[in-house]
Amino acid sequence: MTAAPASDAAFSADEFAEDIRHALESDPAIAQALLQPGSKLKERTLEIERELREVEVGSVRDYVRQSSRVADLHAQLQRCDGILAEMQERLLGFEADLGSASRDLKSLRSESRSMATKLKNRRAAEAKLGGFLKRVALDPRHASVICDGAVDDSFVEAVAALDETLGFAAESHDDVSFSRDWRSCRDLAPLMEKLRGKATARCGDELLERIDELHRDSSNVHQLQRVRLARLAPLQRFLERHAPEVANHVKDVYVDRMARTLHALFRAYHAELEKLDLAVADRNDVVAVPEDAVRYALTGRVSLAKRGDGFSLGDRAGVLKRMDEPPLLVHVAIKENRRYPFEELFRSSLRHLADAALSETHFVTAFLHGADQSSPAVQSTLQAIFRRAFSATLEHLENKLFACHDAVGLLLVVRLIERARTRATRGPAPTASALDAFLGDCEALVRPRLLTILTQNLEGVKKAELSRLGVVSTAPHYVARRYGELHATVLALFPDECRAAAARDADAASPPASPAASPASPALRKIVEFASRRSSVSSTASAPTNGAASAAAQAASLMEELRERTAELLLPVWKSNQYVGLLRLARRLKKDKAKRVFLVNNYDLICSIFAERDVSAHESDVLFWLNKLHAEREAFVEDALREAFADLIDFVRGAERSADAQLDLGQAAALAKSFAASWRAAIAAANADVLRLFANFVNGVEVLKQVFMQLLLYYTRFQEIVRKNGGDDVPFAGDFVPTATILDEIKKYSRIF
Numbered sequence: 001m002t003a004a005p006a007s008d009a010a011f012s013a014d015e016f017a018e019d020i021r022h023a024l025e026s027d028p029a030i031a032q033a034l035l036q037p038g039s040k041l042k043e044r045t046l047e048i049e050r051e052l053r054e055v056e057v058g059s060v061r062d063y064v065r066q067s068s069r070v071a072d073l074h075a076q077l078q079r080c081d082g083i084l085a086e087m088q089e090r091l092l093g094f095e096a097d098l099g100s101a102s103r104d105l106k107s108l109r110s111e112s113r114s115m116a117t118k119l120k121n122r123r124a125a126e127a128k129l130g131g132f133l134k135r136v137a138l139d140p141r142h143a144s145v146i147c148d149g150a151v152d153d154s155f156v157e158a159v160a161a162l163d164e165t166l167g168f169a170a171e172s173h174d175d176v177s178f179s180r181d182w183r184s185c186r187d188l189a190p191l192m193e194k195l196r197g198k199a200t201a202r203c204g205d206e207l208l209e210r211i212d213e214l215h216r217d218s219s220n221v222h223q224l225q226r227v228r229l230a231r232l233a234p235l236q237r238f239l240e241r242h243a244p245e246v247a248n249h250v251k252d253v254y255v256d257r258m259a260r261t262l263h264a265l266f267r268a269y270h271a272e273l274e275k276l277d278l279a280v281a282d283r284n285d286v287v288a289v290p291e292d293a294v295r296y297a298l299t300g301r302v303s304l305a306k307r308g309d310g311f312s313l314g315d316r317a318g319v320l321k322r323m324d325e326p327p328l329l330v331h332v333a334i335k336e337n338r339r340y341p342f343e344e345l346f347r348s349s350l351r352h353l354a355d356a357a358l359s360e361t362h363f364v365t366a367f368l369h370g371a372d373q374s375s376p377a378v379q380s381t382l383q384a385i386f387r388r389a390f391s392a393t394l395e396h397l398e399n400k401l402f403a404c405h406d407a408v409g410l411l412l413v414v415r416l417i418e419r420a421r422t423r424a425t426r427g428p429a430p431t432a433s434a435l436d437a438f439l440g441d442c443e444a445l446v447r448p449r450l451l452t453i454l455t456q457n458l459e460g461v462k463k464a465e466l467s468r469l470g471v472v473s474t475a476p477h478y479v480a481r482r483y484g485e486l487h488a489t490v491l492a493l494f495p496d497e498c499r500a501a502a503a504r505d506a507d508a509a510s511p512p513a514s515p516a517a518s519p520a521s522p523a524l525r526k527i528v529e530f531a532s533r534r535s536s537v538s539s540t541a542s543a544p545t546n547g548a549a550s551a552a553a554q555a556a557s558l559m560e561e562l563r564e565r566t567a568e569l570l571l572p573v574w575k576s577n578q579y580v581g582l583l584r585l586a587r588r589l590k591k592d593k594a595k596r597v598f599l600v601n602n603y604d605l606i607c608s609i610f611a612e613r614d615v616s617a618h619e620s621d622v623l624f625w626l627n628k629l630h631a632e633r634e635a636f637v638e639d640a641l642r643e644a645f646a647d648l649i650d651f652v653r654g655a656e657r658s659a660d661a662q663l664d665l666g667q668a669a670a671l672a673k674s675f676a677a678s679w680r681a682a683i684a685a686a687n688a689d690v691l692r693l694f695a696n697f698v699n700g701v702e703v704l705k706q707v708f709m710q711l712l713l714y715y716t717r718f719q720e721i722v723r724k725n726g727g728d729d730v731p732f733a734g735d736f737v738p739t740a741t742i743l744d745e746i747k748k749y750s751r752i753f
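Quick note on full-length UniProt numbering: the sequence shown kicks off at 1 and runs consecutively.
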């Protein structure tokens, strides 16, 4: 056996030392055995060597037993080495591929940067030239649609594109890149001109055809405007910019056709409205109408069915609240058998016109004038379109007014005109302007007729033939009822104007020269004022007015004069508590008491009408009649008491006038006995008389209360005068009726009311 190399021996010695150290550290028993006293190192070494041989022999045996498995493991290791070698080759191939891919990526990155730069440059060029090309050159599809396509939304779009192209070519640009002198512009100019001519012809023909359809099918004008014409507004804009003469022709044709259409529509509508007309008043509906004019031809009785329709406001004021409601549908109203007064038909016609004007304003603005409502051209066009319709409406109104005698209806029409003007100001300016002029013409027609009717009422009262006003009894006269209804209507519809007229009259009134002339002086003054005002109105009836307020103010002034004349017709003239002459109706009554009752009943009727119509806020008019009513009530109470107790009343008044004179106790005793014997019967007679004479139960009760109160006051004053002069022990003191007894008797009658 050859000796091992020194390096191997050294290596083995080092390994052996390491194994020893490791054994000592891992097996403390060995270290302990080595350190025990008395142990010999050589013996221990031999023992360890023997153990090592045993272990070595055991290991060899194990190795022999496991040799097959070791051989398998060796084969597996060789295979693993082969696999790892193959993987190494593949990884080297991958490394080569990745290197190639990296080079490709670098190349692509470089190319990408180059392409991005080119794209940026091209986009910049497109930004510079694209807009120019789009504006200079028209899409062939658009050109095809303009020449051969149907007139639909595509045609409108193509015309809009052509409009933009032509507009760009006509503009001047500072940027040289947009110069019209380029060859492309010069080459396209003839083609663009041909397209412009073709588009102009087709646009004009299409618009004129659509406008003719409106005229032919006038039953649904606004629907056709919205559906067929409104979407063609860009065509009109195209014509305005590139063919103004054609655009003006289209505009003129539209205005003419639409004016004719609206004229025919409103004439037909007015004719249909006539079927719904409800005659409320006729020529006999004046305040002081002769009685034979309101009698039935066969029976000869006075018609009470229409006693207030021509003057009473009633529910007719509701038309002012229905100002914003839609117009009347004539066929529906005819089917339902409805009839309407004049003011309702006027409201419907006015609302129809206002709706049509508003709709036409929006359409004309969008279709003919490019959505510029403030343009004066819109107002001019709108007025031209509605001139005939307004004329037809005014003609219809004038014909209605010619035979109209309905004062209440005309008053409501004046108020409707005022409301319509206010409503129109909330809409577009062209609509407001057109309607304002039209409403001014309406008011110029209505005002003279209204003033004529009110003047007829005034003149009828002034010139009334008493013999033709029917039998005058103590009952309220129909003249008072008609006046009360008419005046209450004016006060209710024109409160501000009536207050202003009353204030002017109060400021301008002068003190009367005499009691007898005082009722006539204001009336004469108002007659002079009205005569001058009426002459100016008649000379300027067709001129524009300042609005419905002027008519209302004149109506209020007329009602002031009518009030004075009506009072004069009813009122007697007094002097020294005796009748020396009776004016008008009261003169026809023979008894003074009947005259008093007649006046009280008529004044009470007028005041009751004012109260029912809720015009109590007009103090001057209400107080005018209340003062007359109170004065006549007091006079009647005095007359009624004098019938039974004239001596007692004269005694009391004489004693109060001459307080220092000697009292005639004998006369006082006779009066006391007479009163004690007759006062119950007198109270019963007064109660029956008052309830019989006064038509209004409430008024009669008020008069009866005043009679009882005044009687009690006179008798109380009589007792005080007697006791003051004769003392409490006058011989006939026992004949005095206690005040409590009289009050108890009065309470019996108070239960009736």
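Here a beta-carbon is modelled for each residue, glycine too, at the ideal position from N, C-alpha and C.
Considering only residues of the same chain and omitting the five flanking positions on each side of V227, which have a CB-CB separation below 7 Å? Taking the first residue of the sequence shown as position 1, residue 227 is located at position 227. So the list is empty, once near-sequence residues are dropped.
Residues bridged to Y483 (per DSSP): Residue 483 sits at position 483 when you count from the first residue of the sequence shown. DSSP lists no partner for Y483.
In the structure shown, what three-state DSSP assignment does D744 receive? The sequence position of residue 744 within the sequence shown is 744, counting from 1. Three-state DSSP puts D744 in a helix.
List the residues that DSSP assigns as beta-bridge partners of D277. Sequence index remark: in the sequence shown, residue 277 carries index 277 (1-based). Y340.
CA nearest to the CA of M192, picked from L162, E209, R231, F736: Reading the sequence shown from its first residue, position 192 is the one you call residue 192. Of L162, E209, R231, F736, the residue nearest in Cα terms is L162.
A384 and V255 - do their beta-carbons sit closer together than 7 Å? Locating residue 255 in the sequence shown gives position 255, where the first residue counts as 1. Locating residue 384 in the sequence shown gives position 384, where the first residue counts as 1. Contact flag set, yes.
Should R202 and L229 be called a contact, given that it needs their Cβ atoms to be closer than 7 Å? If you number the sequence shown from 1, residue 202 lands on position 202. If you number the sequence shown from 1, residue 229 lands on position 229. The answer is no: Cβ separation not under 7 Å.
Look up K462 in the DSSP assignment and say whether it is helix, strand or coil. For the purposes of this step, residue 462 is identified with residue 462 of the sequence shown, where counting begins at 1. Note: K462 maps to helix in three-state DSSP.
Short Cβ contact (7 Å threshold) for L641 with L712: As a working note, residue 641 is residue 641 in the sequence shown. As a working note, residue 712 is residue 712 in the sequence shown. Their beta carbons are not under 7 Å apart, which means L641 does not touch L712 by this criterion.
Please report the Cβ distance between E285 and G310, rounded to the nearest whole angstrom; I am assuming they are in contact, meaning their Cβ atoms lie under 8 Å. Counted from its first residue, the sequence shown places residue 285 at position 285. Counted from its first residue, the sequence shown places residue 310 at position 310. In the sequence as presented, Glu is not what sits at residue 285; that position holds Asp. That belief holds up - the Cβ atoms of D285 and G310 are roughly 3 Å apart, short of 8 Å.
What residues in its chain sit with their C-beta under 8 Å from that of V280, if we drop five residues either side in the sequence? Within the sequence shown, the letter at position 280 stands for residue 280. D309, G310, P341, F342, D406, V408, G409.
Under a Cβ-count criterion, where at least 16 other Cβ atoms within 10 Å of its own Cβ denotes burial, should D19 be classed as buried or exposed? By 1-based counting over the sequence shown, the position of residue 19 is 19. Exposed.
Report the residue ranges of all alpha helix (DSSP H) runs contained in full by the stretch 145-174; include only those spanning at least 4 residues, in chain order. 153-170
Within 7 Å, strictly: CB atoms of V490 and A288: Here residue 490 refers to the residue found at position 490 when the sequence shown is read from its first residue. Here residue 288 refers to the residue found at position 288 when the sequence shown is read from its first residue. No, the Cβ-Cβ distance between V490 and A288 is not below 7 Å.
Work out the CA separation of D664 and L599 for me, nearest whole Å. Start at 1 with the first residue of the sequence shown, and residue 599 comes out as number 599. Start at 1 with the first residue of the sequence shown, and residue 664 comes out as number 664. Each residue's alpha carbon lies about 38 Å from the other.
Confirm the yes/no value for this check: CB of P190, any heavy atom of the ligand PLP, distance under 6 Å. The model on display carries no ligand, and the ligand PLP is accordingly not part of it.
CA-CA distance, A377 and A429? Numbered from 1 along the sequence shown, position 377 holds the residue referred to as residue 377. Numbered from 1 along the sequence shown, position 429 holds the residue referred to as residue 429. Distance between the alpha carbons of A377 and A429: 12 Å.
CA-CA distance, L486 and A437? For the purposes of this step, residue 486 is taken as the residue at position 486 of the sequence shown. For the purposes of this step, residue 437 is taken as the residue at position 437 of the sequence shown. Distance between the alpha carbons of L486 and A437: 30 Å.
Can the beta-carbon of L671 be found less than 7 Å from the beta-carbon of R481? Stepping through the sequence shown from its first residue, residue 671 is reached at position 671. Stepping through the sequence shown from its first residue, residue 481 is reached at position 481. No, these two residues do not count as a Cβ contact at 7 Å.
For the stretch 364-371 against the stretch 264-273, are there 3 or more C-beta pairs whose distance is under 8 Å? no
Tell me the DSSP secondary structure of E325 in three-state form. The residue you call residue 325 lines up with position 325 of the sequence shown. Three-state DSSP puts E325 in coil, outside helix and strand.
Can you find a C-beta in chain E that's less than 7 Å from the C-beta of A644? As a matter of chain content, chain E is missing from the structure shown, which is built from one protein chain.
Helix, strand or coil for K591 per DSSP? Within the sequence shown, residue 591 is the residue found at index 591, counting from 1. Of the three classes helix, strand and coil, the one that applies to K591 here is coil, per DSSP.
Under a Cβ-count criterion, where at least 16 other Cβ atoms within 10 Å of its own Cβ denotes burial, should P140 be classed as buried or exposed? For this step, residue 140 is matched to residue 140 along the sequence shown. Label assigned to P140: exposed.
Is the distance from the Cβ of P327 to the Cβ of H352 below 7 Å? Against the sequence shown, residue 327 aligns to sequence position 327. Against the sequence shown, residue 352 aligns to sequence position 352. Yes; because the gap between Cβ atoms is below 7 Å, this pair is in contact.
In angstroms with no decimal places, state the Cα-to-Cα distance between I334 and L416. On the sequence shown, position 334 is the one that residue 334 refers to. On the sequence shown, position 416 is the one that residue 416 refers to. Distance between the alpha carbons of I334 and L416 is about 24 Å.
Helix, strand or coil: how does DSSP classify R419 here? As a working mapping, residue 419 is identified with position 419 in the sequence shown. In this structure, R419 counts as helix in the three-state DSSP scheme.
Out of N121, E126, A158, point me to the one whose CA is closest to L138's CA. Numbered from its first residue, the sequence shown carries residue 138 at position 138. Of the listed residues, the one whose Cα sits closest to L138 is A158.
Coil, strand or helix - T117 by DSSP: Looking up residue 117 in the sequence shown gives position 117. In the structure shown, T117 sits in a helix (DSSP, three-state: H, G or I).
Rounded straight-line distance, which links the Cα of N399 to that of C147: Here residue 147 refers to the residue found at position 147 of the sequence shown. Here residue 399 refers to the residue found at position 399 of the sequence shown. One C-alpha to the other measures close to 54 Å.
For S674, name the three-state secondary structure that DSSP assigns. Position 674 of the sequence shown, counted from the start, is the residue given in the question as residue 674. Helix at S674.
If L397 and C442 are in contact, beta carbons under 8 Å, what's the gap, nearest whole angstrom? Here residue 397 corresponds to residue number 397 of the sequence shown, with the count starting at 1. Here residue 442 corresponds to residue number 442 of the sequence shown, with the count starting at 1. Their Cβ separation, rounded to whole angstroms, is 6 Å, which keeps L397 and C442 in contact under 8 Å.
Between S349 and H270, which are expected to be in contact by the criterion C-beta below 8 Å, what is the C-beta distance as a whole number of angstroms? Indexing the sequence shown from 1 puts residue 349 at position 349. Indexing the sequence shown from 1 puts residue 270 at position 270. So it is a contact: roughly 7 Å between Cβ atoms.
Which residues bound the alpha helix (DSSP H) around S374? Here residue 374 is taken as the residue at index 374 of the sequence shown, counted from 1. Taken as a continuous stretch (DSSP letters only), S374 belongs to no alpha helix (DSSP H), as it is neither H nor E.
Tell me which same chain residues have a C-beta within less than 8 Å of the C-beta of L273, skipping the five on either side of it? Start at 1 with the first residue of the sequence shown, and residue 273 comes out as number 273. Here the set comprises L328, V330, L345, S348, S349.
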